[in-house]
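Those letters in the sequence shown? Residues -22 to -1, 1 to 427, per mature numbering (1 follows the signal peptide of the UniProt record, and there is no 0), in order. Beta carbons are placed, not taken as given, at the ideal position from N, Cα and C, and that holds for glycine. As the structure is a prediction and not an experimental result, all values here were calculated from the model.
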Amino acid sequence: MKIRLVQHVSILWLCAILAACAAPYRTPKMNPEVSDFPGIHDALRIPGTTSADVILVHGMCTHSEDWVTTTNKELAQALNMTLEDIGPPIPLGDSSNPEQSSHEAQLYTAKMTGFGLTVNTFSILWSPISEEAKKALCYDVSGGNASCQSAGEVTTGKRVWANRFLKETLLDNCLADAVFYAGDVGKQKIQSAIRRGISWVLFGNQNDLCGEHAAVEIAPGNKGQAPLIFLTESLGSKMLYDTLSNTANSCGKANLHGFATALQRPIEVFMAANQMPILSLADRTSSAQGALGAAPDGAEQAQVPKDVTPAVNPVIDILKLSTSGGVPTSTLRQSQGAANNEVGVLAPRWVVAFSDPNDLFSYTLRSSVCKDGQTCGTVDNIHFSDVLVSNDWSYLFSFENPYSAHTEYLARTTASGIGQVVAKMVACGGRNYKQPCDPSTNRAGTDHP
């Protein structure tokens, strides 16, 4: 009788624990509720398009080549395309300086093919730059983290497991990257590397930073030009758009033409683990006019409303360089009803921010651009969408692993059954991610519902 009672109690206890495990946003919640933002497949369906370029920038916390491999595999799977071999790393720095070589960023190129189309990815791994600086905190790491071996408890004293994890992983290894980037040295080194990576993508080399020597001329209507997709994570979003904006400013009016012209193609923006609102607190005095004060002929002048938070200023600056607008969604193509899916109006540009409400370092973005008297979340035909996701299970309705909550947006393998929803939404868009999406379907006809 006692044994059976114990079994019943154990079963009830187990059921209670399982019932208390939840992933409230296992099915993503979008704001607006029906977000018709386009995916990479939509970009590949633009008439005359045979390829798309994707720039990947990781966020804070130590990253390695594994991030490059995992992210590209997840993206290829979501696109239902074949991932070709990832190329060898390309150092983004002064290779003539041997002391710098072991602490410089790398660019990895890869190609995904399928349906007679190609997706080229360019993964910027900047983590090696901050690794040297973060080693100054190794004395504080008693249990070990991705940057430091265990130093024992001699200097740290005894820490309970949860506090040790939070301090030594989230602060000493992750938040340390943001602090490093906030300083002049860190900002200069990382932006220099990202700027070289962007130059490689736009001009085929890492030295032609403004494109002043590049023969980049866009045909009327930008037909045939590969759409450009930015897929960034966490701190990497701030780094990328700071770099792009600062590059445009530093090129000057005389040399800005090549840089701006290279960006005059359809652009999409996806930001995982969005940190822009908190990181922009350091930029409260920055001008809302940003990079486009010296916009070249054909590019729009920046008219960012003064009440828009600096969180979105650098993103708006760069998107406004794309005179061809964004990627048309399937719904927009249907509404036009034109032959060959031609869109008769400028397609809206989209900025999509993914965040897990239990991610300590993540913030929604749409509310930053909601203003009285205007359509909420829209600035100058640039649309902002938030997507709430759950990257891990929450236990006993009280705790979600803060590390996986911040780092599992694309891989998302920690929580069994959740799958790669973010990668699928990036591939297929907000309207079609629940169903198989194929960029070759009806490319010359009317979209399927």
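If you follow the alpha helix (DSSP H) that residue i is in, where does it begin and where does it stop?
| i | result |
| --- | --- |
| residue 328 | Looking at the DSSP string, residue 328 is not in any alpha helix (DSSP H); the run it does join, the beta strand (DSSP E), is 327 to 333. |
| residue 166 | 162 to 181 |
| residue 69 | That residue, residue 69, is in no alpha helix (DSSP H); its beta strand (DSSP E) goes 68 to 70. |
| residue 22 | 18 to 22 |
| residue 13 | No alpha helix (DSSP H) holds residue 13; DSSP gives it neither H nor E. |
| residue 143 | 139 to 143 |
| residue 405 | 399 to 410 |
| residue 44 | 43 to 57 |
| residue 293 | 291 to 297 |
| residue 257 | 254 to 257 |
Using alpha carbons as the reference points, say which of the options lies closest to residue i.
| i | options | result |
| --- | --- | --- |
| residue 115 | 56, 127, 418, 377 | 127 |
| residue 428 | 69, 40, 297, 30 | A query on residue 428 cannot be resolved here, the shown segment of the chain reaching from -22 to 427 and no further. |
| residue 161 | 108, 13, 36 | 108 |
| residue 6 | 413, 400, 417 | 400 |
| residue 409 | 356, 19, 150 | 19 |
| residue 256 | 133, 46, 402, 341 | 341 |
| residue 345 | 337, 331, 260, 188 | 331 |
| residue 339 | 230, 380, 150 | 380 |
| residue 10 | 354, 416, 413 | 354 |
| residue 294 | 247, 335, 336, 261 | 247 |
| residue 2 | 235, 415, 407, 378 | 378 |
| residue 13 | 407, 412, 415, 414 | 407 |
| residue 148 | 81, 118, 224 | 118 |
| residue 289 | 184, 305, 225, 260 | 260 |
| residue 180 | 230, 98, 228 | 98 |
| residue 35 | 412, 385, 145, 398 | 385 |
| residue 32 | 63, 145, 405, 133 | 405 |
| residue 69 | 356, 236, 183, 188 | 183 |
| residue 95 | 311, 134, 25 | 25 |
| residue 453 | 224, 166, 229 | There is no way to answer for residue 453, as the model of the chain reaches only from -22 to 427. |
| residue 71 | 82, 61, 65 | 82 |
| residue 55 | 63, 163, 90 | 90 |
| residue 207 | 4, 415, 411, 17 | 17 |
| residue 336 | 133, 224, 382, 357 | 382 |
| residue 358 | 122, 67, 235, 303 | 303 |
| residue 203 | 23, 233, 188, 370 | 23 |
| residue 334 | 311, 305, 310, 368 | 368 |
| residue 237 | 310, 411, 190, 64 | 190 |
Which two residues bound the contiguous beta strand (DSSP E) that contains residue i?
| i | result |
| --- | --- |
| residue 7 | 7 to 9 |
| residue 89 | 83 to 92 |
| residue 31 | 29 to 35 |
| residue 95 | 95 to 103 |
| residue 250 | 245 to 250 |
| residue 382 | That residue, residue 382, is in no beta strand (DSSP E); its alpha helix (DSSP H) goes 380 to 385. |
| residue 360 | 360 to 366 |
| residue 206 | 206 to 211 |
Just checking my contact of residue i with residue j at CB under 8 Å: how many whole Å lie between their CB atoms?
| i | j | result |
| --- | --- | --- |
| residue 299 | residue 343 | Wrong, their Cβ atoms sit about 20 Å apart, outside the cutoff. |
| residue 329 | residue 296 | About 10 Å; that fails the 8 Å criterion. |
| residue 307 | residue 15 | 7 Å |
| residue 398 | residue 52 | 5 Å |
| residue 224 | residue 188 | Wrong, their Cβ atoms sit about 12 Å apart, outside the cutoff. |
Do residue j and residue i count as a contact pair if the criterion is CB distance below 8 Å?
| i | j | result |
| --- | --- | --- |
| residue 159 | residue 213 | yes |
| residue 154 | residue 112 | yes |
| residue 21 | residue 326 | no |
| residue 485 | residue 372 | This structure cannot settle anything about residue 485, because the visible part of the chain is limited to -22 through 427. |
| residue 403 | residue 347 | no |
| residue 110 | residue 120 | no |
| residue 93 | residue 417 | yes |
| residue 151 | residue 129 | no |
| residue 222 | residue 168 | no |
| residue 292 | residue 27 | no |
| residue 38 | residue 363 | no |
| residue 49 | residue 388 | yes |
| residue 156 | residue 211 | no |
Of all Cβ atoms in chain C, is any one closer than 8 Å to the Cβ of residue i?
| i | result |
| --- | --- |
| residue 136 | Looking at the structure shown, chain C is missing, and only one protein chain is on hand. |
Inspect the CB distances between the stretch 137 to 153 and the stretch 78 to 96 and report whether three or more fall short of 8 Å.
-> no
Taking one C-beta from the stretch 95 to 105 and one from the stretch 38 to 45 each time, how about it: are there three or more such pairs within less than 8 Å?
-> yes
Using 8 Å as the Cβ pair cut-off and three pairs as the minimum, do the stretch 210 to 230 and the stretch 161 to 174 touch?
-> yes
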